[in-house]
Amino acid sequence: MPRDSKHLEHELAQRALPCILAIPIGIASGAVCALFGRVLLTVGALRDSHLLAFAPFLPLAGLLITWLYRRFGREAARGISLVFDVGHGTEEEIPLRLIPLSMATTWLTHLFGGSAGREGVAVQMGAAISHWVGRRAHPRLDAAHDGSYAVMGMAAGFAGLFHTPIAATLFAVEVLEAGKLRYRMLMPSLIGALCASRVSGALGLEAFHAVVPALEQVGTALVLKVMVLGGIFGLVGAAFAVMLDWAKQEAATRIPNPYARIALMGAAVSLLVIALFHGRYAGLGTNLISDSLAGSPVHAYDWALKLLLTVSTLAAGYQGGEVTPLFAIGASLGAVLGAPFGLDPVLVAALGYAAVFGGATNTLLAPVFIGCEVFGAASLPLFFIACAAAKFCNFNKSIYARQRVAD
Numbered sequence: 008m009p010r011d012s013k014h015l016e017h018e019l020a021q022r023a024l025p026c027i028l029a030i031p032i033g034i035a036s037g038a039v040c041a042l043f044g045r046v047l048l049t050v051g052a053l054r055d056s057h058l059l060a061f062a063p064f065l066p067l068a069g070l071l072i073t074w075l076y077r078r079f080g081r082e083a084a085r086g087i088s089l090v091f092d093v094g095h096g097t098e099e100e101i102p103l104r105l106i107p108l109s110m111a112t113t114w115l116t117h118l119f120g121g122s123a124g125r126e127g128v129a130v131q132m133g134a135a136i137s138h139w140v141g142r143r144a145h146p147r148l149d150a151a152h153d154g155s156y157a158v159m160g161m162a163a164g165f166a167g168l169f170h171t172p173i174a175a176t177l178f179a180v181e182v183l184e185a186g187k188l189r190y191r192m193l194m195p196s197l198i199g200a201l202c203a204s205r206v207s208g209a210l211g212l213e214a215f216h217a218v219v220p221a222l223e224q225v226g227t228a229l230v231l232k233v234m235v236l237g238g239i240f241g242l243v244g245a246a247f248a249v250m251l252d253w254a255k256q257e258a259a260t261r262i263p264n265p266y267a268r269i270a271l272m273g274a275a276v277s278l279l280v281i282a283l284f285h286g287r288y289a290g291l292g293t294n295l296i297s298d299s300l301a302g303s304p305v306h307a308y309d310w311a312l313k314l315l316l317t318v319s320t321l322a323a324g325y326q327g328g329e330v331t332p333l334f335a336i337g338a339s340l341g342a343v344l345g346a347p348f349g350l351d352p353v354l355v356a357a358l359g360y361a362a363v364f365g366g367a368t369n370t371l372l373a374p375v376f377i378g379c380e381v382f383g384a385a386s387l388p389l390f391f392i393a394c395a396a397a398k399f400c401n402f403n404k405s406i407y408a409r410q411r412v413a414d
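Whatever position you read off the sequence shown (first residue = 1), add 7 for the numbering used here.
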C-alpha cells in the first residue's frame, strides 16, 4: 500500500474511532451520572429535613473520607488534577476506583452538611470511563495516549449531570489550556455529551432550566452596564480561585496531618452551617439559585458566605466540586446587583450564574453556552458580553491548578 494511503487510513482511524466510541462512553457516563445525581439530590433533601441529626457529625464524616482515600485511593486521590495531567499527556492512567470513591465521598460530604458542588465528580467519572475505554479499544492510537479520550469523558460527565451538552463540549475542549481549543476532539466530545445528556435524562435526572426576562433591544447603556457587571463577576470568580488555592496551602501547612485538618476544619464548617440560618449555605446552593431566579428575597451577603463556606469545605479535604456553588454565588450576587444597576434582578442573576463560573474556571465559550442552554438563547448577546468581560477581568486565575495558559 502506498505511503500516502497508509497515512490517510491512519488519519481516518484517528478521527473515526473516537466518534464511534463516544456513543458507549456517553451512555455509560450518563448512566453513572444519573445514579450519582439522583442519590445526591436524595441525600441533600434528607440533610435539609434533619440538619441537626447530620451536620454535627461532619468531622466524623471527614475522617472516614480521608481514611477511604488514603486506604484505597492511591492515584485517584489526586482527583481533578489527575484528569488534567492525563489530558496534558503527562500521566497515562485514570484508575476506575476513582468512580466509586468520588461518588461515595461526595455523598458523605453533602449528607453531613458540607458546602460543595458535584461537577468535579461527574467530570472525573466521565474521564475515567472514557480514558479506560480508549486505551483498551486501540492502545496504539495516539489519541488514547495523549489524553484526548479524557477530554471526551469530561464532556460526557459534565453533560450527563447538567444536561448542557454544547456547554459541556466547549468546556472540555477549552478548559485544559486557556486560550487554546482542542478541535480534534470537538465532534467526539459533542457525540459523547449528547448521549450522556439523553441517557441521564431518560434515567430520571432532571435538567435545570429557567426563564429570564426578554429584552427587545440591546442599547449602548445596557451594554456598558453588562460589561461592568461582567467585570465584577470575573473578579469574584478570580477571588474564589485565589482564595481556594490559598486556603488549601495554608490548611496543609498549618495542619499537616490530613485527619486532624479535616476534623478541625470540618467542626468549624459544621458550626457555621448550623449557625448561619440553619443550613442555608449547606450543600450545592441550589436554594440560593432558586431564590435568585424566582425574584425571592436574597440577602446581600449570601454570595460571600456561600463562597467562604465552600472554600473552607474544599480546603479541609471534603469531596465535591466548585461549579454549582459558583452558580449559586453568581446568581445571588447578581440578584443583589440588579437594582443598583437599574436592571431586572432575575436577568442579572442569570448573567452572574454564567459569568462567575467563567471567571473562576478561566473559560469563555462554556459559560456563554451555559447561559444559553439554561436560560434560553434569546439573551445570547448579553451572556457573551458579560462572560467576555469576566474573562478579561479574571487575570487568568482558575480553580484548576493544572490548567495551562496558552502563550
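The beta carbon of each residue, even a glycine, is placed where N, CA and C say it ideally should be.
Since the structure is predicted, the reported quantities are computational estimates derived from the model, not experimental observations.
Classify S386 as helix, strand or coil using the three-state DSSP reduction.
helix
Residue span of the alpha helix (DSSP H) that contains P66, given as start and end
L65 to L75
Report the rounded CA-to-CA distance for G365 versus A282, giving the unit in angstroms.
31 Å
At 4 residues or longer, and completely inside the stretch 252-323: list those alpha helix (DSSP H) runs for me, N to C.
265-282, 293-301 and 309-323
Excluding the 5 residues flanking G273 on each side, which residues of the same chain have their C-beta closer than 6 Å to its C-beta?
L65, P66, G69 and A323
Give the straight-line distance between the Cα atoms of A151 and R191, rounded to the nearest whole angstrom.
Because the pLDDT of A151 is 49, which lies under 50, any placement of that residue in the model is unreliable, and the question is left without a value.
Between the stretch 161-178 and the stretch 70-81, do three or more beta carbon pairs fall short of 8 Å?
no
N- and C-terminal bounds of the alpha helix (DSSP H) containing F169:
S155 to F169
Short of 6 Å in beta carbon distance, which residues of its chain neighbour A373, apart from the five on each side in sequence? Order them along the chain.
A174, L177 and F178
Mapping the DSSP letters down to three states, classify S405 as helix, strand or coil.
coil
Collapsed DSSP secondary structure at R143 in the structure displayed:
helix
Taking 8 Å as the cut-off, does the stretch 40-58 touch the stretch 224-240 (at least 3 CB pairs, one atom from each stretch)?
no
Please report the Cβ distance between L105 and A83, rounded to the nearest whole angstrom; I am assuming they are in contact, meaning their Cβ atoms lie under 8 Å.
4 Å
With DSSP run on the structure shown, which of helix, strand or coil describes M8?
Only weak support is given to the placement of M8: the predicted model assigns it a pLDDT of 47, under 50, and the value that follows is read from those uncertain coordinates. In this structure, M8 counts as coil in the three-state DSSP scheme.
Pair every Cβ in the stretch 198-209 with every Cβ in the stretch 239-256, then say whether three or more of these pairs are closer than 8 Å.
no
Who are the Cβ neighbours of C394 in its own chain at under 7 Å, not counting the five residues just before and after it?
G237, A361, A362, G365, L371, P374 and V375
Is it true that the CB of T112 sits closer than 8 Å to the CB of R125?
no
Selection from L358, K313, H285 and N403 that minimises the alpha carbon distance to I392
L358
Are the stretch 300-307 and the stretch 337-349 touching by the rule of at least three beta carbon pairs closer than 8 Å?
yes
When you compare the stretch 201-210 with the stretch 28-45, are there three or more beta-carbon pairs, one atom per stretch, that lie closer than 8 Å?
yes
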